[in-house]
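Please read the structure below before turning to the comments.
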Amino acid sequence: MATDHESVELVGDELVGNVARAALFAALMGASAYVSFPNPLSPIPVTLQVLVVFLAGIFLGPVWGGASMVLYLVAGALGAPVFAGGSAGFGALVGPTAGYLWSYPIAAAVVGLIVHGGLELGSHRVSTVRLVGAMVAGTAVIYTLGVVGFAYVQNVGLGVAFWTAAAAFIPAEAFKIAAAVGIVRSDAIAAE
Amino acid sequence: MLTYEPGDSFAHRLDPRSKLAVQISFAAAGLAHTTPVGLAVLGVVAGVSLRASNTSPRAALYALRYAIPFLVAAPVIEAVRLGAPWFDPAAAVAPALASIRVLLVFLVAAAYVRTTSIRESRAAIQRLVPGRVGVTLGIGVALVFRFLPLVRRDLLRVREAQAARLGENRRLDERLSLVAAGGLRRAFARADSLALALRARCFAWNPTLPVLRFSRRDVPALGLAFALLVSAFV
Amino acid sequence: MIRVDGLVHRYGDTVALDGIDLTIDDGECVVLAGANGSGKTSLVRHFNGLLEPDEGTVSVNGHAVSENLVAARTAVSMVFQHPEDQLVAATVGADVAFGPENLGLSRDEIDRRVHDSLAAVNLDGRESERVDALSGGEVERLAIAGALAMEPDHLVLDEPFTGLDEPSRQSVLARLRELRASGTSLVVVTHDLRDVTTLADRVVVLAGGRVALDDTPEAAADRLPSLGVRPPC
Amino acid sequence: MIRVDGLVHRYGDTVALDGIDLTIDDGECVVLAGANGSGKTSLVRHFNGLLEPDEGTVSVNGHAVSENLVAARTAVSMVFQHPEDQLVAATVGADVAFGPENLGLSRDEIDRRVHDSLAAVNLDGRESERVDALSGGEVERLAIAGALAMEPDHLVLDEPFTGLDEPSRQSVLARLRELRASGTSLVVVTHDLRDVTTLADRVVVLAGGRVALDDTPEAAADRLPSLGVRPPC
Ligand SMILES: Nc1ncnc2c1ncn2[C@@H]1O[C@H](COP(=O)(O)OP(=O)(O)OP(=O)(O)O)[C@@H](O)[C@H]1O
Ligand SMILES: Nc1ncnc2c1ncn2[C@@H]1O[C@H](COP(=O)(O)OP(=O)(O)OP(=O)(O)O)[C@@H](O)[C@H]1O
Ligand SMILES: O=C(O)CCCC[C@@H]1SC[C@@H]2NC(=O)N[C@@H]21
Ligand SMILES: [Mg+2]
Ligand SMILES: [Mg+2]
Chain Z
1 MATDHESVEL VGDELVGNVA RAALFAALMG ASAYVSFPNP LSPIPVTLQV
51 LVVFLAGIFL GPVWGGASMV LYLVAGALGA PVFAGGSAGF GALVGPTAGY
101 LWSYPIAAAV VGLIVHGGLE LGSHRVSTVR LVGAMVAGTA VIYTLGVVGF
151 AYVQNVGLGV AFWTAAAAFI PAEAFKIAAA VGIVRSDAIA AE
Chain V
1 MLTYEPGDSF AHRLDPRSKL AVQISFAAAG LAHTTPVGLA VLGVVAGVSL
51 RASNTSPRAA LYALRYAIPF LVAAPVIEAV RLGAPWFDPA AAVAPALASI
101 RVLLVFLVAA AYVRTTSIRE SRAAIQRLVP GRVGVTLGIG VALVFRFLPL
151 VRRDLLRVRE AQAARLGENR RLDERLSLVA AGGLRRAFAR ADSLALALRA
201 RCFAWNPTLP VLRFSRRDVP ALGLAFALLV SAFV
Chain B
1 MIRVDGLVHR YGDTVALDGI DLTIDDGECV VLAGANGSGK TSLVRHFNGL
51 LEPDEGTVSV NGHAVSENLV AARTAVSMVF QHPEDQLVAA TVGADVAFGP
101 ENLGLSRDEI DRRVHDSLAA VNLDGRESER VDALSGGEVE RLAIAGALAM
151 EPDHLVLDEP FTGLDEPSRQ SVLARLRELR ASGTSLVVVT HDLRDVTTLA
201 DRVVVLAGGR VALDDTPEAA ADRLPSLGVR PPC
Chain C
1 MIRVDGLVHR YGDTVALDGI DLTIDDGECV VLAGANGSGK TSLVRHFNGL
51 LEPDEGTVSV NGHAVSENLV AARTAVSMVF QHPEDQLVAA TVGADVAFGP
101 ENLGLSRDEI DRRVHDSLAA VNLDGRESER VDALSGGEVE RLAIAGALAM
151 EPDHLVLDEP FTGLDEPSRQ SVLARLRELR ASGTSLVVVT HDLRDVTTLA
201 DRVVVLAGGR VALDDTPEAA ADRLPSLGVR PPC
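Protein chains in written order, with the UniProt record's numbering: chain Z, 1 to 192; chain V, 1 to 234; chain B, 1 to 233; chain C, 1 to 233.
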């Protein structure tokens, strides 16, 4: 038996675990996009995606948190119904919300970098100030790319884009940051 | 919702890589030619894609309904003025053209989604992205497709579990945190079992890939992709 | 009393329940059996309003479930088919306490209920353990404890014995016997009728979303095999 | 042959396996029973290197598992307690093909294995169906097919009957009987020994992480109740 499969190069245990987690977080991201409410101040819906971006950075760290968001985007582009409202396809990656979508991997990595203080996955039990700071930085990345993307794709001015694509969401994002802090502070997830 | 459906339309039998090439060059051409003439030509291409994939334009448009608000809102917002003349139609033209372009890109993407199974998409990724990154991306994407319905159901179940024990008596933020934490816990548990399953089945760096082969049918598709790409730069 | 009249439930095109009429009296113990996909889970999820009827009505203690969800959920507690679906907290004690806390009970009463319910499933003293370190059978037992702690009029258990070892099975059965003696009505969904029929007043078997059999355990025994249910032995 | 010597496994402070010695010969069928938390799942996960021993050794076909994982994993296939989590692809055919693809087999050989394994569990011709549309019994059988596609010498099933109705249970049992006849050795972890002991050469019972009983089904029957295992009836 042993000689039969000598050329098989198994993927290492740790990496398998990370791939599985990244895939599950990408799926969680997809499920959270499905929870979408209209925003009275903007055509862009309020979704729980940003919360999962935060959690990916916090719980998977910068490398695998970012990787899980890449998986999310690729899966969506190839037809998984994971974008806002359960939509799918490459179109979203060049559509009006493209800026947000491209920002997610970067934002998850930024959150992870600040929380874990480097590329390595450390403990996510850091001070609340650092936790909130990380998420505010992540939000800034998401909004910057989101606004620029909206303005560019829809051919509108940056001012209009700022009000419709960023300012209209600040209360919702504050709520998500509070929820993320609540989850980290509770003992809901065992420390790694 | 538009999803993959097995079938034998022209587009179903194309190599997934050809279809990816068409989508990407179509988007590039759209950005370069957001003019009435350019969009008219691209509109014809989008129509042909839908036809080739046996997708009714109506079904495709219906699947895109969530995007309609953006497409309508952008020109309207841009044209509204906070003083006389209150509404400036000329300012709406550029965003309106942009909206039409976005719509066309969505339609072409819909044709891909409709006609390409995840198995083919995974094989395409692993051929287009070399080495271990490609393997990781390929399996990762396949796993997202597999686990999305389970994770969705988990979130629903966590909410039900709360409701069944009268959790609705608690504050909204506490409930939301509980759902998110429960969903997260389930996701980690599933990831752990999944990792075991992958290891038990010898998840390896050098698997045999599903066969993908360009055929004569791909020639027009690749030709179209090439023409669109060239047009984007002239 | 739980009363179901002309209940129809559809998932998309699948008709899961196809006109169910059923009454479960106070203090009664009913075993609900039937092949996979016959509609057992769908039926019991109507008892506490986790599903809404497409046609027909369900009422608990005389009130329509859809009109008073809180009353229905206070009167009917449920152990889910997949126990890991049911846990809401990270530790054993916190999970069992979740329901009683929502009932607005005093801390002492909550503690008493947590203790009693965990004892009934052989998990006493393990309050502070994390739920993700439990074995399969232990999770099932914890889910049962969470439902017991609600001290409901009606307790519905959807396949409560899967994965349980024999001592736990007997311990759960003993607890069910006590509950029955004290007047709680029980609905036990199961494929494994051993010991359960001795507890039951009636056996109800579903087939294709309809009630195919509703009789005393003795009278039902002969007809079970033809409905895809193994008689107890 | 699977050979376990002085195996100890700890999770943090919990000693899950406390010195296990056990041999499973080629072609043999062993039923593994024991109370919840007695270490059954932990034990079988050592057979194909999913866990690493804290002390002791495990070898398969004469090679230490830790030294040649690929050999151990092709020789020993496993069907997990929750088969749902074990399916890695969205369609039936793609899932069964996953293992053979990783072994780098030729496409023809992969297709042959997919076909044969699905036929062995009565799912042939259903390659393109989505796994989330399958019933519980079908999911269990699909998981078995995925394991069979590795063409293992030993097939380990961790509680394969939970949640199955009687017809599905019999259909899984019939598959196991055929496999055994064709020379595959089987390890079946279960709390429910009905029908299984007729298939088995030996019954092994764990208690507190040790082997408490290892005997033929007939000889074991009397001592089962004292070990928290219900004898078949
Ligand atoms: N969420 C759902 N979406 C679509 N169909 C469903 C869903 N839940 C159940 N069904 C279908 O409804 C029917 C009844 O399912 P139900 O779960 O009530 O059966 P059951 O008797 O509890 O089966 P089991 O013994 O396997 O638990 C089945 O055909 C099932 O496939
Ligand atoms: N991941 C884990 N972390 C910590 N402890 C664990 C873990 N998995 C199992 N245990 C503990 O190890 C012991 C053995 O567990 P195992 O799952 O092997 O038991 P089992 O015999 O399979 O039980 P069951 O019949 O309930 O499936 C139990 O006490 C369990 O609580
Ligand atoms: O999936 C998509 O198409 C992207 C939707 C983007 C929604 C953005 S993310 C930042 C902001 N906060 C929200 O809740 N919604 C928007
Ligand atoms: Mg059920
Ligand atoms: Mg086990």
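From the three backbone atoms N, C-alpha and C, an ideal C-beta is built for every residue, glycine too. Owing to the predicted nature of the structure, the values given are computational and were not obtained by experimental measurement.
Check your understanding: Just the Cα atoms here: how many angstroms apart are ALA2/Z and LEU119/Z?
Key -> By 1-based counting over the first sequence, the position of residue 2/Z is 2. By 1-based counting over the first sequence, the position of residue 119/Z is 119. For ALA2/Z, the predicted structure reports a pLDDT of 39, less than 50, and the residue's modelled location is therefore unreliable. A value from the coordinates is still provided. So the two alpha carbons sit approximately 38 Å from each other.
Practice item. Find the residues of chain Z that neighbour LEU2/V, judging by a C-beta separation of less than 9 Å, and give them in chain order. Key: Locating residue 2/V in the second sequence gives position 2, where the first residue counts as 1. Going along chain Z in sequence order, the residues near LEU2/V (Cβ under 9 Å) are GLY79, PRO81, SER87, ALA88 and GLY89.
Point to revise | Check your reading: residues with Cβ closer than 7 Å to ligand 4 heavy atoms | key: LYS40/B, THR41/B, GLN81/B, ASP158/B, GLU159/B and VAL189/B
Practice item. Indicate whether at least one CB of chain B lies closer than 7 Å to the CB of ALA188/Z. Key: For this step, residue 188/Z is matched to residue 188 along the first sequence. Cβ-Cβ to chain B under 7 Å: yes for ALA188/Z.
Review point. Does the beta carbon of MET1/Z sit closer than 7 Å to a beta carbon anywhere in chain C?
Key: On the first sequence, residue 1/Z is found 1 positions in, with the first residue counted as 1. With a pLDDT of 43 at MET1/Z, under the threshold of 50, the modelled position of that residue is not reliable, and the figure given next carries that caveat. It does; some Cβ of chain C falls within 7 Å.
Practice item. Just the C-alpha distance for ARG10/B and THR57/B, rounded to the nearest angstrom, thanks. Key: If you number the third sequence from 1, residue 10/B lands on position 10. If you number the third sequence from 1, residue 57/B lands on position 57. Using only the alpha carbons, I get a separation of about 14 Å.
Practice item. Would you mind telling me which residues of chain V sit closer than 7 Å to ARG107/C, beta carbon to beta carbon, in chain order? Key: As a first step, residue 107/C must be located in the fourth sequence, where it is residue number 107. Those are THR208 and VAL211, listed as they occur along chain V.
Check your understanding: Would residue 259/V pass as a contact of PRO16/V if the rule is Cβ separation under 7 Å?
Key -> Outside the shown range of chain V (1 to 234) lies residue 259/V, about which nothing can therefore be said.
**Study point:** Endpoints, the beta strand (DSSP E) within which ALA168/Z is located
**Key:** Numbered from its first residue, the first sequence carries residue 168/Z at position 168. Unbroken run through ALA168/Z: none, as it is neither H nor E.
Review point. ASN102/C lies in the alpha helix (DSSP H); which residues open and close that run?
Key: Stepping through the fourth sequence from its first residue, residue 102/C is reached at position 102. Counting along the chain, the alpha helix (DSSP H) containing ASN102/C begins and ends at 92-102.
Review point. Nearest-angstrom Cα distance between GLY208/B and ARG112/C?
Key: Translated into the one-based positions of the third sequence, residue 208/B becomes position 208. Translated into the one-based positions of the fourth sequence, residue 112/C becomes position 112. Spanning the two alpha carbons is a distance of roughly 36 Å.
Review point. Where does VAL133/V land, buried or exposed, given buried means 16+ other C-beta within 10 angstroms?
Key: Within the second sequence, numbered from 1, the residue matching residue 133/V stands at position 133. VAL133/V should be labelled exposed.
**Study point:** Within-7 Å CB hit, ASN36/C to chain V
**Key:** Walking along the fourth sequence from the start, residue 36/C turns up at place 36. No, its Cβ sits nowhere closer than 7 Å to a Cβ of chain V.
Check your understanding: Got a sec: does ligand 2 put a non-hydrogen atom nearer than 6 Å to the Cβ of SER128/B?
Key -> Locating residue 128/B in the third sequence gives position 128, where the first residue counts as 1. Flag unset: Cβ of SER128/B not near ligand 2.
Practice item. Please confirm if the segment 127-137 of chain C is in contact with the segment 3-17 of chain B, defined as three or more CB-CB distances below 8 Å between the two stretches. Key: no
**Study point:** CA nearest to the CA of ALA33/C, picked from CYS233/C, GLU67/C and VAL204/C
**Key:** Along the fourth sequence, one-based indexing puts residue 33/C at 33. Of the candidates CYS233/C, GLU67/C and VAL204/C, the one whose C-alpha sits nearest the C-alpha of ALA33/C is VAL204/C.
Exercise for review: Consider the C-beta atom of THR14/C and the heavy atoms of ligand 2; say whether any pair is separated by less than 6 Å.
Suggested key: For the purposes of this step, residue 14/C is taken as residue 14 along the fourth sequence, with counting starting at 1. For ligand 2, at least one heavy atom lies less than 6 Å from the Cβ of THR14/C.
Check your understanding: Quick one: Cα of PRO6/V to Cα of PRO100/C, how far?
Key -> Here residue 6/V refers to the residue found at position 6 of the second sequence. Here residue 100/C refers to the residue found at position 100 of the fourth sequence. Going by the C-alpha atoms only, they are around 24 Å apart.
Point to revise | Span of the alpha helix (DSSP H) around ASP111/B | key: Looking up residue 111/B in the third sequence gives position 111. Start and end: 107-120.
Review point. With 7 Å set as the bound, which would you pick, yes or no: does the beta-carbon of SER193/V sit closer than that to a beta-carbon of chain C?
Key: The residue labelled residue 193/V in the question sits at position 193 within the second sequence. Closer than 7 Å to some Cβ of chain C, the Cβ of SER193/V qualifies, so yes.
Check your understanding: Would you say VAL76/B and ASN48/B are within 7 Å of each other, going by their C-beta atoms?
Key -> On the third sequence, position 76 is the one that residue 76/B refers to. On the third sequence, position 48 is the one that residue 48/B refers to. A contact, by the Cβ cut-off of 7 Å.
Practice item. Output, in sequence order along the chain, the residues in the segment 6-24 of chain Z whose CB is closer than 9 Å to any CB in chain V. Key: SER7, VAL8, GLU9, LEU10, VAL11, ASP13, LEU15, VAL16, GLY17, ASN18, VAL19, ALA20, ARG21, ALA22, ALA23 and LEU24
Practice item. Give me the Cα-Cα distance between ASP26/C and VAL60/C, rounded to the nearest whole angstrom. Key: As a working note, residue 26/C is residue 26 in the fourth sequence. As a working note, residue 60/C is residue 60 in the fourth sequence. In a straight line, the C-alpha of ASP26/C is about 10 Å away from that of VAL60/C.
**Study point:** Neighbouring residues, chain V, relative to GLY183/B (Cβ below 9 Å)
**Key:** Residue numbering aside, residue 183/B sits at position 183 when the third sequence is read from its first letter. Neighbours of GLY183/B on chain V: none; closest Cβ ~21 Å, over 9 Å.
Review point. Quick one, are the C-beta atoms of VAL151/V and GLY30/V less than 7 Å apart?
Key: Here residue 151/V refers to the residue found at position 151 of the second sequence. Here residue 30/V refers to the residue found at position 30 of the second sequence. Cβ distance not < 7 Å, so VAL151/V and GLY30/V don't count as in contact.
Check your understanding: Would you call the CB atoms of ALA52/V and ALA11/V closer than 7 Å?
Key -> Indexing the second sequence from 1 puts residue 52/V at position 52. Indexing the second sequence from 1 puts residue 11/V at position 11. Yes, these two residues count as a Cβ contact at 7 Å.
Practice item. Measure the C-alpha to C-alpha separation of LEU155/C and SER42/C and round it to an integer number of angstroms. Key: The residue you call residue 155/C lines up with position 155 of the fourth sequence. The residue you call residue 42/C lines up with position 42 of the fourth sequence. Taking the straight line joining both Cα atoms gives about 16 Å.
Point to revise | GLU84/C in three-state terms, based on DSSP | key: Locating residue 84/C in the fourth sequence gives position 84, counting from the first residue. GLU84/C falls in the helix class under three-state DSSP.
Review point. Any heavy atom of ligand 5 closer than 6 Å to the Cβ of GLY30/Z?
Key: Mapped onto the first sequence, residue 30/Z falls at position 30. Answer for GLY30/Z: no, Cβ out of range of ligand 5.
Review point. Less than 6 Å between the CB of SER38/B and some heavy atom of ligand 1, yes or no?
Key: As a first step, residue 38/B must be located in the third sequence, where it is residue number 38. Checking the Cβ of SER38/B against ligand 1 gives yes.
Check your understanding: CB-CB under 8 Å to VAL11/Z, same chain, minus the five flanking residues each way: which ones, in chain order?
Key -> In the first sequence, residue 11/Z corresponds to position 11, counting from 1. VAL19, listed in sequence order.
Exercise for review: Please decide whether ARG185/Z counts as near chain B, where near means a Cβ-Cβ distance under 7 Å.
Suggested key: Position 185 of the first sequence holds residue 185/Z. False, the Cβ-Cβ gap to chain B never drops below 7 Å.
Practice item. Give the C-beta separation of VAL79/C and LEU157/C to the nearest angstrom, bearing in mind that I take them to be a contact with Cβ-Cβ under 8 Å. Key: Looking up residue 79/C in the fourth sequence gives position 79. Looking up residue 157/C in the fourth sequence gives position 157. Right, their Cβ atoms sit about 5 Å apart.
Exercise for review: Would you identify the three-state DSSP class for GLU55/B, choosing helix, strand or coil?
Suggested key: For the purposes of this step, residue 55/B is taken as residue 55 along the third sequence, with counting starting at 1. Correct three-state label for GLU55/B: strand.
Review point. In terms of DSSP beta bridges, what is ILE20/B paired with?
Key: Taking the first residue of the third sequence as 1, we reach residue 20/B at position 20. Paired residue(s): LEU7/B.
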